[in-house]
Every structure is written in structure tokens, then in C-alpha cells.
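Protein chains: 2
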Amino acid sequence: MSLIVQKFGGSSVADAERVMNVAGIITDTYRKGNDVVVVVSAQGDTTDDLIDKAHEITDKPSKREMDMLMTAGEQISIALLAMAVEKSGCPAVSLLGWQAGFHTSSAYGIARIKSIKADRIKAELDRHNIVIVAGFQGINKYDDLTTLGRGGSDTSAVAIAAALHADRCQIFTDVEGVFTADPRKVENAQKLQEITYDEMLELATLGAQVLNNRSVEMAKKYNVEIEVLSSLKRVPGTIVKEVAKMEKMLVRGVTKDTDVARISVTNIPNIPGIAFKLFSKLAQRKINVDIILQSVGRDDTKDITFTVSKDNADGAIEAVRSSFDIEEKDVTCDTNVAKISVVGAGMESHPGTASKMFEALFESDINIDMISTSEIKISVLIDAKDADRAVSAVHRAFFPDK
Amino acid sequence: MSLIVQKFGGSSVADAERVMNVAGIITDTYRKGNDVVVVVSAQGDTTDDLIDKAHEITDKPSKREMDMLMTAGEQISIALLAMAVEKSGCPAVSLLGWQAGFHTSSAYGIARIKSIKADRIKAELDRHNIVIVAGFQGINKYDDLTTLGRGGSDTSAVAIAAALHADRCQIFTDVEGVFTADPRKVENAQKLQEITYDEMLELATLGAQVLNNRSVEMAKKYNVEIEVLSSLKRVPGTIVKEVAKMEKMLVRGVTKDTDVARISVTNIPNIPGIAFKLFSKLAQRKINVDIILQSVGRDDTKDITFTVSKDNADGAIEAVRSSFDIEEKDVTCDTNVAKISVVGAGMESHPGTASKMFEALFESDINIDMISTSEIKISVLIDAKDADRAVSAVHRAFFPDK
Chain A
12 MSLIVQKFGG SSVADAERVM NVAGIITDTY RKGNDVVVVV SAQGDTTDDL
62 IDKAHEITDK PSKREMDMLM TAGEQISIAL LAMAVEKSGC PAVSLLGWQA
112 GFHTSSAYGI ARIKSIKADR IKAELDRHNI VIVAGFQGIN KYDDLTTLGR
162 GGSDTSAVAI AAALHADRCQ IFTDVEGVFT ADPRKVENAQ KLQEITYDEM
212 LELATLGAQV LNNRSVEMAK KYNVEIEVLS SLKRVPGTIV KEVAKMEKML
262 VRGVTKDTDV ARISVTNIPN IPGIAFKLFS KLAQRKINVD IILQSVGRDD
312 TKDITFTVSK DNADGAIEAV RSSFDIEEKD VTCDTNVAKI SVVGAGMESH
362 PGTASKMFEA LFESDINIDM ISTSEIKISV LIDAKDADRA VSAVHRAFFP
412 DK
Chain B
12 MSLIVQKFGG SSVADAERVM NVAGIITDTY RKGNDVVVVV SAQGDTTDDL
62 IDKAHEITDK PSKREMDMLM TAGEQISIAL LAMAVEKSGC PAVSLLGWQA
112 GFHTSSAYGI ARIKSIKADR IKAELDRHNI VIVAGFQGIN KYDDLTTLGR
162 GGSDTSAVAI AAALHADRCQ IFTDVEGVFT ADPRKVENAQ KLQEITYDEM
212 LELATLGAQV LNNRSVEMAK KYNVEIEVLS SLKRVPGTIV KEVAKMEKML
262 VRGVTKDTDV ARISVTNIPN IPGIAFKLFS KLAQRKINVD IILQSVGRDD
312 TKDITFTVSK DNADGAIEAV RSSFDIEEKD VTCDTNVAKI SVVGAGMESH
362 PGTASKMFEA LFESDINIDM ISTSEIKISV LIDAKDADRA VSAVHRAFFP
412 DK
């Protein structure tokens with residue numbers, strides 16, 4: 012007998028039919044003799060509907076009242092899912108975040124889980140109930156409701172799995188697992204059996220939106236084994252764990268990220284402290300910089316090029332202008348760029364990975380604009396129009412057709 | 012400075028515009044220097060929408076999960092109303108039933124308030140916040156959410172007013188107050204300035220659906236002064252209190268109740284214990300009997316006629332058949348009847364009231380079928396087709412045109 016945590020997102024419980032489908036997955040797991048704790052998000056569009064209701068009242072709702080409003084969404088879905096499980100013939104009990112013992116920081120809208128007092132969950136499991144917990148929400152020291160922010164339900168699920176020392180945390184999504192590339196775009200994309208936390212983090216950051224980063228970081232910290240799998244197709248998914256089987260793969264996946272803006276600054280005086288000045292201005296504005304490239308330009312001047320997410324482009328340009336007394340033509344921003352990356356913990360000891368990637372791009376006549384490397388990834392910046400072709404070419408190089 | 016509790020029903024907060032209207036009433040009260048605690052129901056159709064969602068899943072949702080589902084309705088409306096009050100420039104904080112300290116019995120769907128631990132409400136008032144509390148809901152000894160059943164928000168409001176020793180409990184509805192008759196039906200219906208708890212209870216029972224009976228009973232018990240008034244028209248309403256000014260009125264109002272079935276049983280043997288046998292059978296089935304009339308029939312037999320609510324008619328007939336060995340033709344049921352009543356604490360010492368009522372009906376050529384009297388009311392059963400005409404005639408007799 013195992014203790015299994017299962018998490019279902021909003022689209023998995025969007026209507027009565029899908030709720031019954033999810034209840035089927037849950038009761039199958041329970042009937043195999045497992046203890047089951049379920050974490051569920053608000054139904055399909057409920058969150059958006061509630062946000063609309065707030066905006067009909069005011070442009071600037073207080074964050075406390077927004078959390079009061081939003082947490083009603085999961086309350087509805089846990090009650091409906093508990094009814095569906097009971098209808099399927101198994102005992103169930105729904106619990107709100109505070110009933111399940113989710114104590115968080117006070118920051119409304121972006122609260123962090125501080126502790127889980129799992130007494131109630133444990134008591135319900137002892138009574139052989141399937142426990143259905145509202146994801147995304149908790150309670151702060153003032154006894155007020157809080158939400159965990161984007162992807163919060165994944166984090167809720169991993170946190171419960173950690174608190175209960177669950178044997179596995181299953182995250183059900185609309186894809187079958189983690190793939191070597193986006194299967195909707197790349198014909199030969201392969202589902203990975205296993206992947207490490209670090210690889211998963213790199214993949215998530217690079218645009219393979221399967222798992223929320225905070226949840227993977229928490230899973231790594233508490234060594235919670237995650238399985239990513241489909242709520243619609245009953246096939247094994249991808250296991251995320253500390254040490255994954257290598258499967259003779261150096262590279263785990265190829266990803267594309269088009270949420271990139273490239274800012275180029277030319278003709279900066281070539282004196283010390285310039286980079287520090289610029290990047291401290293960006294840090295003050297809480298702008299994350301990804302790839303950085305600095306070169307000496309003509310006449311004792313420097314060029315600095317860096318990338319940020321698109322919504323930070325304007326802020327980054329302002330930061331540049333406030334850092335240097337510079338002509339307008341010397342600051343340019345290009346948003347027609349894409350970042351293509353290969354990720355894999357195996358690659359650091361295999362120097363051929365980078366050259367294999369570059370060769371594939373060269374043979375497809377794709378120009379590389381910037382390059383960045385870490386221990387487990389290689390990223391290149393290219394023209395956005397070449398992005399899908401680049402992913403296919405690089406993927407073919409590392410995962411030749413069977 | 013006074014402490015005022017204000018309650019708004021679902022239709023008063025049905026959409027953003029009405030929520031802003033209610034926020035206007037609340038902030039006007041606050042800006043006059045009062046402490047304000049607000050109790051609010053779920054928005055318009057939210058409750059029905061949630062019930063529909065449950066029934067898409069199952070015919071028989073568990074009561075616990077229904078309460079988990081339904082309480083999300085008020086959670087949404089308190090958050091929106093708090094946002095609207097904040098937008099109107101006053102500080103507000105929304106509180107769920109459990110946060111406001113509503114401890115109830117464990118009976119899901121029909122819980123009774125056991126106690127209110129008002130520490131949080133008091134603390135928020137001390138911080139000069141307008142406190143917006145979810146009506147209709149509480150928490151039981153298992154830390155599970157409960158609902159109070161029909162009219163529960165009125166009860167929530169009166170209970171808070173009692174717990175806080177509020178100066179007044181204002182119940183906002185879609186009518187301007189309590190009238191001497193239904194103002195949509197009777198031209199000359201007059202709004203009462205004041206009315207006693209007992210009169211209000213009789214009026215509520217008799218079909219003037221302004222205030223929920225449980226809330227009036229609680230107000231009487233804790234001597235909470237209620238004002239019934241309109242959320243749309245800013246005019247004084249009707250005060251419900253222990254001793255009302257007499258306003259030279261013997262009669263407070265004339266009401267009509269068409270939810271009546273008359274059961275007649277003829278040819279019952281005239282021996283002792285017959286009535287006891289019948290009415291104990293009815294009591295076992297939890298059927299409330301209203302008017303009872305017993306007469307000696309022909310040949311040492313009795314006739315018993317009594318009235319019940321329409322949905323209890325079939326159960327009452329079964330109870331009759333199981334009580335007596337009786338022919339089918341001797342039990343008849345008539346649902347085309349209406350009960351017309353005059354209510355007023357002053358009438359008991361004025362014997363002319365009944366004859367005045369009967370005279371008005373006689374002059375309108377309306378036949379009286381049964382009569383029932385108590386200290387503060389006189390009811391007659393008549394043909395349903397005459398009901399509206401009867402109310403007008405009786406009302407005209409007691410409230411002549413000015």
C-alpha cells in the first residue's frame with residue numbers, strides 16, 4: 012500500500028464530465044489499496060470569471076479581497092469532485108487550504124507555504140477517506156485566506172507530498188509527460204521515462220510549460236518523486252527524481268522560448284564599472300537578465316547586448332538610458348528573436364554536444380546570434396522566424412528517427 | 012455614535028451596479044459616525060447556479076459537500092462588496108462565517124447558531140473597518156463549514172446584532188417595509204412605522220414574506236430592534252420591536268395564504284380518543300396542522316376538518332386512512348382554498364374586530380368556510396377565487412381611504 016498525492020489542474024475538472032473522469036482516476040488508485048490525497052485547482056474559467064467580477068467593481072481591488080474572492084474557485088471544485096468520488100462509490104472528504112493546514116506567509120496573491128499542519132489530512136486518511144484538498148490557497152498568521160500565485164496548485168501538491176512523505180506525487184496535465192521537444196511541433200519528439208529535477212528546472216525555464224518551477228524546486232529540496240502524466244490517456248508519464256536513468260541520452264530535450272527581447276547598447280565608453288552600473292540598475296527594477304554578451308567595439312568603446320523577457324523590454328531600455336549619457340540610435344531592441352536550448356545533465360562531460368548543435372543549425376542555414384551555456388544546457392539566440400525549423404533540426408541531430 | 016448591523020439579500024447585490032449601490036448605503040451610514048457590520052447573502056442566482064453544478068454530478072450530493080459548495084457563494088459576494096466599499100473610499104474587511112466566529116450545530120444544511128465569538132469582528136471595528144460578514148454560514152465542532160438553511164442570512168444578521176449589542180439591525184429588502192396588506196395587490200396598503208415581534212411572526216407565518224421567522228424569534232429572544240427597509244429607495248422602513256406604538260391601529264395587517272389544503276373526514280364513529288388518534292398520526296409524520304374544526308355529524312358520527320400546507324396534503328390523507336377504517340368517499344381534500352387573516356396585538360381587547368371582518372366579507376358576498384382565532388389574529392378559510400377580493404374588502408374595512 013502506498014500513499015499517493017494526485018494533482019489535477021483547472022482544465023481537467025472544467026465540466027461535470029471531466030470531473031467524473033478525474034473521479035474515475037482517483038477511485039481506481041484508491042481501489043488498488045492506496046491512500047489517496049488529491050489537490051485540485053479551480054474549474055476551467057472560474058478564475059477568469061472571478062477576476063472579471065472584481066474588475067466590474069474596481070480597477071484596483073485590494074490584494075486581500077482578491078484572495079478572498081479567488082479562493083472561492085477551488086472551494087467549488089473540491090466540493091464537486093468530492094461529490095463525484097462519492098458517486099463513484101468511494102468515501103471522500105473535501106478540505107479547504109486552511110482545513111488542510113496550509114500556513115503561508117502574509118503576502119496576498121504571492122504567499123509562500125511556511126508549514127503544513129497535516130493532522131486533519133492524516134485523520135481523514137485514517138478514516139479511509141479520499142482527501143480532496145483545495146490547491147493554490149492557504150491561511151496566514153492573521154487567519155486570513157491567501158493564494159500562492161501562479162502555478163500554486165502544483166506547489167500545494169508537492170508540499171503535501173513532502174509533508175506526508177508520500178510515495179509519489181502525480182501531476183496530471185493535458186500532455187502525457189515531458190518530451191524531448193514540443194510534440195505538437197516536432198514529429199519525432201519522444202516521451203522521457205525519467206528526468207532529474209535540475210533538468211526539469213532548465214526545461215521549465217526554457218519554455219516547456221509542463222511543471223511550475225517553484226514546485227520542482229520544492230520537490231528537489233524535499234526529494235519528492237513527481238510523475239507528470241495525462242488525465243485523459245491512461246499511460247505512464249515521466250518521472251522527475253534526483254538521479255534519473257540515463258537511457259543513453261546526453262540530451263533530455265530541445266526547447267524554444269520566444270518570450271525574448273534582445274537589447275543592444277553600442278558606443279559605451281570603455282571604462283571599468285560600466286557593466287556593474289547597468290546591471291545594478293536592471294536589478295533595482297527587478298528585471299531578470301538572461302544571456303549577456305559584451306564586446307569591445309570601435310574606438311575604445313564597448314558594446315553590450317543582453318536579453319530579457321518581452322514585458323521587461325521597455326523597463327530595460329529606460330534602465331540603459333538612465334545609466335549612460337547615450338545617443339538614442341545606440342540603444343536598439345529586437346523582439347523578433349527566439350532562444351533554442353538543449354538540456355541534459357549528461358552533456359557537461361561530453362564536449363561534442365555544442366558542436367553537434369551548431370552543426371545542425373549551420374546545415375539548416377540558421378544564423379546564431381548569441382550563445383550561452385551552463386553545466387546542463389546550451390542556448391542560442393536566433394531569428395524568431397527560424398525557431399521551429401531550428402528545434403526540428405537540433406532535435407533530429409540528437410534524436411535520430413528510429 | 013451607534014453600532015448598526017445591515018443585512019443585504021442576494022437580489023440587492025445581484026450585479027456590479029447593485030453592489031456599488033449597497034456600498035453607497037453602507038458608506039453613508041459609516042460616514043455619519045456609526046460603526047457598521049454588514050451581513051450579505053450570495054449574489055442573485057449564484058446559489059441556484061451552484062446547485063445546478065452539483066446536480067450535474069449527482070442526484071444525491073452529501074450534505075457536507077453541499078455546504079462546502081454553497082458557502083462559496085457568500086465568499087464571492089463579501090469580497091466584491093468589500094472591494095466596492097474600499098472603492099467608495101472607506102476601509103473594509105470581509106470575513107467568512109468561521110472568521111466572524113459563527114459556531115453552529117453539526118447539522119449540514121440546517122445548522123443552528125450555537126455561539127458567536129465576536130473577537131475578530133470587534134478587533135476590526137476597533138481598527139475603524141467596516142466589517143462585511145458572509146451570512147448563512149458557520150463552522151461546526153469538526154471545523155467543517157455549515158449553512159443555516161432558508162432565510163439564514165437574516166438570522167446571521169440578528170445573531171451578530173445580539174452578540175455585539177448593536178443599536179439596530181437593518182434588514183434591507185426589495186420592499187419599503189411591512190405593510191397592512193400586499194401593496195402590489197391592495198391599493199390602499201399602508202406602511203407600518205412599528206410592529207411587535209409577535210405581530211411580525213404572525214404576519215410572516217401568514218404569508219407576508221418579509222422577514223424569516225427564525226430571525227424574528229431570535230430578535231424577540233435577545234430584544235434586537237429590527238428595521239425592515241428598501242435597498243433601492245432611501246426612506247424609513249418599519250421597526251420591529253417589543254412594544255410598538257399603537258398608532259391608533261387595532262389591526263396591523265391583512266394577509267392572504269394560498270398554500271393551504273383542506274382535508275375533510277366525515278362519518279367517524281363518535282367515540283372518545285378519535286381526535287387524539289388522528290392528530291398523533293399527523294404529528295408522527297411531522298405534519299403541521301393549522302385550523303381544526305370538529306362537529307358532530309349525523310347518526311352518532313363526527314366530522315373533522317383541518318388544514319395543512321399543500322405539500323403535506325397527500326401525507327395527511329394517508330394519515331387519516333391509517334387512523335380509521337373508513338370509506339374512500341368520506342375523505343376529501345380541497346386545495347382551492349385560501350386563508351385570509353387580520354393580525355394585530357390590539358385586537359384581543361376589542362371584540363368588534365371579528366364582526367367587522369365578517370361583515371366586510373358578507374357585504375362582498377364571500378362565503379366563510381372555517382374560522383380560527385388567536386390572541387392577535389383572526390383567520391378565515393374561503394374559496395381561493397375570492398382571495399384577492401377578500402383581502403381588499405377586509406383591508407378597506409380596517410384602513411378606510413384617507
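Residue numbers (the working numbering), protein chains in the order written: chain A, 12 to 413; chain B, 12 to 413.
Backbone N, C-alpha and C define an ideal beta-carbon position, used for all residues, glycine too.
So with Cβ pairs under 8 Å, would you call residue i a contact of chain A?
i	result
residue 370 of chain B	no
residue 86 of chain B	yes
residue 72 of chain B	yes
residue 61 of chain B	yes
residue 130 of chain B	no
residue 164 of chain B	no
residue 13 of chain B	no
residue 136 of chain B	no
residue 79 of chain B	yes
residue 89 of chain B	yes
residue 207 of chain B	no
residue 172 of chain B	no
residue 68 of chain B	yes
residue 117 of chain B	no
residue 76 of chain B	yes
Using a 10 Å radius around the Cβ and a threshold of 16 neighbouring Cβ atoms, would you call residue i buried or exposed?
i	result
residue 441 of chain B	The displayed coordinates of chain B run from 12 to 413. Any statement about residue 441 of chain B would go beyond what the structure contains.
residue 76 of chain A	buried
residue 20 of chain A	buried
residue 411 of chain A	exposed
residue 105 of chain B	buried
residue 98 of chain B	buried
residue 248 of chain A	buried
residue 108 of chain B	buried
residue 12 of chain A	exposed
residue 29 of chain A	buried
residue 139 of chain B	exposed
Cβ of residue i less than 8 Å from any chain B Cβ?
i	result
residue 110 of chain A	yes
residue 65 of chain A	yes
residue 23 of chain A	no
residue 10 of chain A	The structure shown does not extend to residue 10 of chain A, since chain A is modelled only from 12 to 413, so the question has no answer here.
residue 97 of chain A	yes
residue 83 of chain A	yes
Can the beta-carbon of residue i be found less than 8 Å from the beta-carbon of residue j?
i	j	result
residue 147 of chain A	residue 167 of chain A	yes
residue 11 of chain B	residue 377 of chain B	Any answer about residue 11 of chain B is impossible in this case: the structure gives chain B only from 12 up to 413.
residue 187 of chain A	residue 356 of chain A	no
residue 246 of chain A	residue 230 of chain A	no
residue 315 of chain A	residue 293 of chain A	no
residue 372 of chain B	residue 404 of chain B	yes
By Cβ distance, which residues of its chain are closer than 7 Å to residue i, with the 5 residues on each side in sequence left out?
i	result
residue 22 of chain A	55 and 185
residue 120 of chain A	74, 77, 78, 158 and 160
residue 225 of chain A	162 and 166
residue 135 of chain B	104 and 142
Report back the beta-carbon spacing between residue i and residue j to the nearest angstrom; my notes put them in contact at under 8 Å.
i	j	result
residue 352 of chain B	residue 389 of chain B	7 Å
residue 150 of chain B	residue 113 of chain B	7 Å
residue 175 of chain A	residue 132 of chain A	7 Å
residue 51 of chain A	residue 92 of chain A	6 Å
residue 47 of chain B	residue 89 of chain B	With a Cβ gap of about 14 Å, residue 47 of chain B and residue 89 of chain B do not count as contacting.
Spatial neighbours of residue i within its chain, please: C-beta separation below 6 Å, excluding the five flanking residues on both sides.
i	result
residue 416 of chain B	With chain B running from 12 to 413 in the structure shown, residue 416 of chain B is simply not present.
residue 318 of chain A	271, 273, 301 and 302
residue 298 of chain B	319, 323, 326 and 327
residue 331 of chain B	276 and 342
residue 34 of chain B	95, 96 and 99
residue 254 of chain A	none
residue 420 of chain A	As displayed, chain A neither begins before 12 nor continues past 413, which places residue 420 of chain A out of reach and without an answer.
residue 235 of chain B	169, 172, 173 and 180
With a CB to CB cut of under 8 Å and the five nearest residues on each side skipped, what residues in its chain are close to residue i?
i	result
residue 214 of chain B	189, 206, 221, 263, 264, 266 and 354
residue 311 of chain B	280 and 281
Q | Contacting positions in the region 24 to 46 of chain A - beta carbon closer than 9 Å to chain D | A | Looking for chain D here will not work: the only protein chains present are A and B.
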